[in-house]
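Here is the structure we will look at, set down as structure tokens.
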Amino acid sequence: MGIILTDTKLQTIAEKVNHGERLTIEDGLYLFDSPDLLGIAQLANSVNYKKNGDNVYFIENMYINPTNVCEANCGFCGFKRKPGEEGAYTMDSDALLEYVEKRWNDNIREFHIVGGHNHEVPFDYYLDTIRTLKKHYPQVTVKAYTGAEIEFFSRISGLSMKEVLEDLIKAGLDTLPGGGAEILTERYRLKMSPDKASTDQWLEAHEIAHNLGLKTHATMLYGSIETVEERLIHMDRLRQLQDRTNGFMVFIPLAMQPRSVNAGIKRRTTAYDDMRTLAISRLMLDNFDHIKAYWINIGVQLTQMALTFGSSDIHGTLIEERISHAVGALTSQGITREELVYLIKSANKIPVERDTFYNIVKTY
Numbered sequence: 001m002g003i004i005l006t007d008t009k010l011q012t013i014a015e016k017v018n019h020g021e022r023l024t025i026e027d028g029l030y031l032f033d034s035p036d037l038l039g040i041a042q043l044a045n046s047v048n049y050k051k052n053g054d055n056v057y058f059i060e061n062m063y064i065n066p067t068n069v070c071e072a073n074c075g076f077c078g079f080k081r082k083p084g085e086e087g088a089y090t091m092d093s094d095a096l097l098e099y100v101e102k103r104w105n106d107n108i109r110e111f112h113i114v115g116g117h118n119h120e121v122p123f124d125y126y127l128d129t130i131r132t133l134k135k136h137y138p139q140v141t142v143k144a145y146t147g148a149e150i151e152f153f154s155r156i157s158g159l160s161m162k163e164v165l166e167d168l169i170k171a172g173l174d175t176l177p178g179g180g181a182e183i184l185t186e187r188y189r190l191k192m193s194p195d196k197a198s199t200d201q202w203l204e205a206h207e208i209a210h211n212l213g214l215k216t217h218a219t220m221l222y223g224s225i226e227t228v229e230e231r232l233i234h235m236d237r238l239r240q241l242q243d244r245t246n247g248f249m250v251f252i253p254l255a256m257q258p259r260s261v262n263a264g265i266k267r268r269t270t271a272y273d274d275m276r277t278l279a280i281s282r283l284m285l286d287n288f289d290h291i292k293a294y295w296i297n298i299g300v301q302l303t304q305m306a307l308t309f310g311s312s313d314i315h316g317t318l319i320e321e322r323i324s325h326a327v328g329a330l331t332s333q334g335i336t337r338e339e340l341v342y343l344i345k346s347a348n349k350i351p352v353e354r355d356t357f358y359n360i361v362k363t364y
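Throughout the sequence shown, residue numbering follows full-length UniProt numbering, covering 1 to 364 in sequence.
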């Protein structure tokens, strides 16, 4: 692929990329600074092409948030409620099954389960959620509970994180979602999510999961108080863990959503920042197979653009997503398979329906 760079300083980075050399945080800082966004896109696209060809993956999935009661006070959350507050809820198994039944179709392959850190219920409640779903929908993969939730369960149960994960796996857990990572630096976490797992605890939860045989996901929530250097430190910490375990399947940069749907343009990440961050993620995370463009956060049109900026996955049909929408996401809460296929095909890529573990279900 002939890459045309208008920024000559990018040439040295391009040479490293072409030789498969790992980029440093300094290289990353330069990429965030370079005026040649399309040059960066071409580099990221070439890396992705080597890994995935023209394939772009998606999944039919359903989001479930069993409870929104939460002890944490994160600066970016509009989803949580305190116990007894208006709008607070905790689904029992009947409510859970009713929720799924109403939204069910036979193509759903994954339940994506994230909720509040609800200390009003015991750890057993979280195990029962998985058991109930596995009993009624044994064919569906259960992707449940973030690294931060694993640390929270350890606190409320008195078990180690390893014991928590072993119990969850026995109940039917198949994989961990990537949430709760936010930005993996303590400066950020002390300001934005002081009541949640520390950087080391989040990474440890995933490392334990990998060592127990689970493949997991990793996210980064960008666009608030973090510096670009902190974004790069975050990526570096993930790739160091990936060097040790090779347990991450995909990296998902998530654009911070403002508190209100009516928030002006200045309260949102820019298209330039979204595209640049995706492309730089592809270049920095050399040991990850996939970078996901999350259409819920950046919208379907930018997601389509992301397919030439190094992304190989556009997430899923996502029936009723609540967390981003609770803080001002402008997108719809779900999308049809036909629309996803159209988005991918009209970007001259090959739509590939996958399961959670990137096994091909169907190529379109």
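Cβ atoms here follow ideal geometry from the backbone N, Cα and C, with glycine treated the same way.
Check your understanding: N68 to Y188, Cα distance in whole Å?
Key -> Taking the CA atoms as reference points, N68 sits about 23 Å from Y188.
Review point. Span of the alpha helix (DSSP H) holding I130?
Key: First-last of the alpha helix (DSSP H) with I130: 123 to 136.
Check your understanding: How big is the Cα-Cα spacing for residue 365 and G172?
Key -> With the chain covering 1 to 364 only, the question about residue 365 has no answer from this structure.
Exercise for review: Can you check DSSP and say which residues form a bridge with Y63?
Suggested key: Among the bridge pairs identified by DSSP, Y63 is matched with H112.
Review point. Which whole-angstrom value is the C-beta distance of V228 and L29, which I expect to be below 8 Å?
Key: Confirmed, Cβ separation roughly 7 Å.
Review point. Among Q242, I314, H19, which one has its Cα closest to the Cα of S46?
Key: Of the residues Q242, I314, H19, the one whose Cα lies closest to the Cα of S46 is H19.
**Study point:** Proximal residues to V100 (C-beta, below 6 Å), its chain only, five neighbours per side dropped
**Key:** Result list for V100: empty, nothing under 6 Å.
Review point. Should the region 3 to 18 be called in touch with the region 263 to 282, which here means at least 3 C-beta pairs below 8 Å?
Key: No, because fewer than three Cβ pairs between the region 3 to 18 and the region 263 to 282 fall closer than 8 Å, the two stretches do not touch.
Exercise for review: Could you give the DSSP three-state label for I314: helix, strand or coil?
Suggested key: Residue state, collapsed to three classes: strand.
**Study point:** Close-in-space but distant-in-sequence residues of the same chain around M91 (CB under 7 Å, 5 per side omitted)
**Key:** Here the set comprises P66, T67, Y99.
Point to revise | 8 Å contact criterion, which A218 and A181 should meet: CB distance rounded | key: That pair is a contact at about 6 Å.
Review point. Helix or strand or just coil, what does DSSP make of Y99?
Key: For Y99, the three-state secondary structure derived from DSSP is helix.
**Study point:** Cβ pair D7, S34 closer than 8 Å
**Key:** Contact: yes.
Check your understanding: Taking DSSP as the reference, what is the three-state secondary structure of I360?
Key -> Strand at I360.
Review point. What span of residues does the beta strand (DSSP E) with T219 cover, start to end?
Key: Element bounds for T219: 216 to 222.
Check your understanding: Buried or exposed: E60, going by 16 or more other Cβ atoms within 10 Å of its Cβ?
Key -> It counts as buried.
Practice item. Taking F288 as the reference, give the member of I3, R244, Q42 with the closest Cα. Key: The option with the nearest alpha carbon to F288 is R244.
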